[in-house]
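Numbering (UniProt numbering), first residue to last: 1 to 343. Glycine residues also receive a C-beta, built at the ideal position from the N, C-alpha and C atoms. Just so you know, these numbers come straight off a predicted model, no measurement behind them.
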Amino acid sequence: MEKTDIKNLTLSGLEAFISGLGKERFRAKQIFKWLYQMDAMDFDEMTNVSKEFRAVLKERAEISNLSPEAVEASEDGTRKYLFRLKDGAAVESVLIPDEGRNTLCISSQVGCAMQCAFCLTGTFGLSRNLTTSEIVNQVCAVKREHPVNNIVFMGMGEPLANLSAVIPAVQILTDPDGFQLSTRKVTVSTSGLVPEMAELGRGCTVNLAVSLNATTDEVRDRIMPVNRAYPLKELLAACKAFPLPSRRWITIEYVMIRDLNDTLDDAKRLVRLISNIPSKVNLIPFNEHDGCAFKSPTQETIDRFHKYLLDKHVTVITRSSRGGDISAACGQLKGKLDQMQKD
Ligand code: SAH
Ligand code: SF4
């Protein structure tokens, strides 16, 4: 019989699994704590679980793990982890230290099917979805080396195209018996899959970031094919309807690309588009990469755009590019996909 990878299970999934083995459900909480608070790698570490039940668990279940195949450190403290998965595929996670707290940017898919014109991950297409355990194991592995205070699903992949693994992963990350992260410290980013936004909101409590990146359907259609299925009007209505954790706002990500979406008219339209959504704007100057002709705007253009939003009382930050020297910046992650495609 194939063993169950128990890191694929949420607490309630583990409870069901354990009662299926004829044991009390409350054992699940103990095991969950061993996995995510004590980082147990073997059932024998679980000393408050009886020896005989550990033997049953070992027979029926396994504890999966990831360890980085390579770690690159940037001059600015950003660290990029490459994880090789069981089937040989690879994904990356990026740890970004900032003012004493560490944000971990994790991947949800190997590659991505969404084909955004500015994104390197998108150019490789989708290889496959990650499992829940492959998502949470990125966090387990990095936490072994550094504290992790904040998690963003902004690595490789479109998390909302993999909700059946992402929702359980968010539940494990935010479970008081799991990783114990506040729901305010976990953010899922989407390119704008409208029906899945509602499904995410129903399935878990989490912050939402939306990659808007354009202020007209015409431009958004061009750079984000998803817009042809779910145009701006529908996307913004879905943002407005999203059930956020209390006192939170939606993060509107806006990748600024020279001469494409960086004018003051864009800034004006942006203010109008988000006026009735509790939101903050993250301006992300386009990170240039080979294979894409887009350019980053001049600093002056970025500053002007930023100031316009501020003057209109929009909460805005311009994200400084982090980890550029190790290709760890937004939209530069590619794992070893290029290599794999050649193999
Ligand atoms: N698929 C999800 C999450 C991963 S992408 C999404 O699209 O939201 C994370 C962020 O990186 C998105 O906001 C995306 O717009 C941005 N991004 C992609 N390529 C980029 C690039 N070359 N420069 C700057 N930001 C980029
Ligand atoms: Fe996929 Fe996000 Fe990149 Fe678009 S920006 S191709 S959705 S990872």
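With a cut-off of 7 Å, the C-beta of H289 is classified as near the ligand SAH, since at least one heavy atom of the ligand falls inside that distance. Taking 3 residues as the shortest admissible run, the stretch 16-49 contains no complete beta strand (DSSP E) segment at all. If you check the C-beta of C105 against the ligand SF4, you find no heavy atom less than 7 Å away. Separation of C292 and V91 (C-alpha to C-alpha, rounded to the nearest whole angstrom) is 21 Å. Set against 7 Å, the gap from the CB of Q299 to the closest heavy atom of the ligand SF4 is not smaller.
Annotation for F305: the continuous alpha helix (DSSP H) segment containing it runs 299-311. By the CB criterion at 8 Å, D177 and F32 fall inside the cutoff.
Counting the other CB atoms within 10 Å of its CB gives M114 a total of 16 or more, which places it among the buried residues.
For C292, the distance from the CB to the nearest heavy atom of the ligand SF4 is not below 7 Å. Residue environment: T47 is assigned as exposed (fewer than 16 neighbouring CB atoms within 10 Å of its CB, all protein chains considered).
Sequence-distant Cβ neighbours of R220 in its own chain, meaning closer than 6 Å and more than five residues away, are A214, N227. The closest CA to that of G77, considering only K86, N102, A70, K51, is found on N102. When DSSP states are grouped into helix, strand and coil, L104 belongs to the strand group. Burial state of K51 is exposed, judged by a 10 Å Cβ sphere holding fewer than 16 other Cβ atoms. In this structure, E234 places its C-beta atom within 8 Å of the C-beta atom of V194. For the ligand SAH, a non-hydrogen atom lies closer than 7 Å to the CB of T190. Contact between S279 and W249 holds, since their C-beta atoms are separated by about 5 Å, short of 8 Å. Note on the stretch 149-192: whole alpha helix (DSSP H) runs with a minimum of 4 residues are 163-174, in chain order. Annotation for P245: T183, R184, T205 place their beta carbon closer than 6 Å to its own, counting only its chain and skipping 5 residues before and after. Annotation for N129: Q109, N162, A165 place their beta carbon closer than 7 Å to its own, counting only its chain and skipping 5 residues before and after. Per DSSP, the unbroken beta strand (DSSP E) holding I250 starts and ends at 250-256. Check the Cα spacing between I223 and each of V71, E24, F118: the tightest is with F118.
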